[in-house]
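The listed protein sequences correspond, in order, to chains W and C. Reminder that position 118 of the first sequence reads as 118 in full-length UniProt numbering, one-by-one numbering, no gaps. Reminder that position 12 of the second sequence reads as 12 in full-length UniProt numbering, one-by-one numbering, no gaps. Ideal placement from N, C-alpha and C gives every residue a C-beta, glycine not left out. Keep in mind it's a predicted model, so treat the numbers as computed, not measured.
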Amino acid sequence: MGLQSCVNINKEWDIVGARQMGRDIAREIGFGTVDQARIATAISELARNIYLYAETGQICFEVIDNINQKGISMIAIDSGPGIRDISQVMEDGFSTSGGLGAGLPGVKRLMDDFDIKSEEGKGTEIRALKWVR
Amino acid sequence: MRIPILKLHNYLLISIQTEIDDHTAIQFQEDLLSKIHQSGSSGVVIDLTSVEIIDSFIAKVLGDVVTMSDLMGAKVVLTGIQPAVAMTLIDLGIHLKNVPTALDLEQGLIKLHQELGE
Chain W
1 MGLQSCVNIN KEWDIVGARQ MGRDIAREIG FGTVDQARIA TAISELARNI YLYAETGQIC
61 FEVIDNINQK GISMIAIDSG PGIRDISQVM EDGFSTSGGL GAGLPGVKRL MDDFDIKSEE
121 GKGTEIRALK WVR
Chain C
1 MRIPILKLHN YLLISIQTEI DDHTAIQFQE DLLSKIHQSG SSGVVIDLTS VEIIDSFIAK
61 VLGDVVTMSD LMGAKVVLTG IQPAVAMTLI DLGIHLKNVP TALDLEQGLI KLHQELGE
């Protein structure tokens, strides 16, 4: 595991800051342009969820550098209202914000690995990972 | 930050060159609609060649502005969507089905000419 860098999400502009940081890290590790766009977009969705539903939170990035595999791992954490029914938010087209409802299932498709934990009234933690191909 | 909107005869041309945050996107939506209203333009090309990321929110704003302009009587064509952006949008599950698109600005103007029968 490599160094961890984190971005706090408190205001709308932090969504842009988070995706730029993630994209820079992805470029440095050696991701191609398409995967850089996938990673940056996934971060944008996660950061927006924090901003919309929890108001504040954090996204941390970690570079994974194993002998045979390199990748980026990201963790989005907030102490917002949490999600009551995770299977519902993982359905395509489900949205409480009037958006496109592409959010979490979209992030899952953009990344190689996706894990969500949430407790109502306590917060949400989402981990996502992408390997360099 | 405001995205400049240029007028060329009865068309409006927009080239988005900056990283778009949510506020800029909403501001652009309002600016474009009032510019269409003021200028009486019948066609709009929004060029996205320099845009590296379109997430679900920005996609929604762009899709909405096409529908809103259509309601007002102006046709909008999106041009220059990058391969990486197109692939990412489909992964997200966003198809922008009713949005007219073209490869580049030139093709976009040709498409507008055809659609508007000018």
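With a floor of 4 residues, list each alpha helix (DSSP H) that falls wholly inside the UniProt domain "STAS" (1-112) of chain C, ordered by position along the chain.
With a minimum length of 4 residues, the continuous alpha helix (DSSP H) runs that stay inside the UniProt domain "STAS" (1-112) of chain C are 22-39, 56-72 and 83-92.
When you compare each of Ala25/C, Ile53/C, Leu32/C and Lys60/C to Gly43/C by their alpha carbons, which one comes out closest?
Leu32/C
Closer than 8 angstroms, CB to CB, is Thr101/C near chain W or not?
no
Tell me the rounded alpha-carbon separation between Met111/W and Ser44/W.
13 angstroms
Beta-carbon separation of Leu112/C and Val65/C under 8 angstroms?
no
So which residues on chain C does Val7/W lean against when the C-beta distance must stay under 8 angstroms?
Neighbours of Val7/W on chain C: none; closest Cβ ~14 angstroms, over 8 angstroms.
What is the rounded straight-line gap between the Cα of Val132/W and the Cα of Asp104/C?
31 angstroms
Helix, strand or coil, according to DSSP, for Val63/W in the structure here?
Of the three classes helix, strand and coil, the one that applies to Val63/W here is strand, per DSSP.
Are the CB atoms of Gly108/C and Val61/C nearer to each other than 8 angstroms?
no
Among the residues of its own chain, which have a CB less than 8 angstroms from the CB of Gln82/C, if the five just before and after it don't count?
Only Leu48, Thr49, Val51 and Glu52 meet the Cβ criterion.
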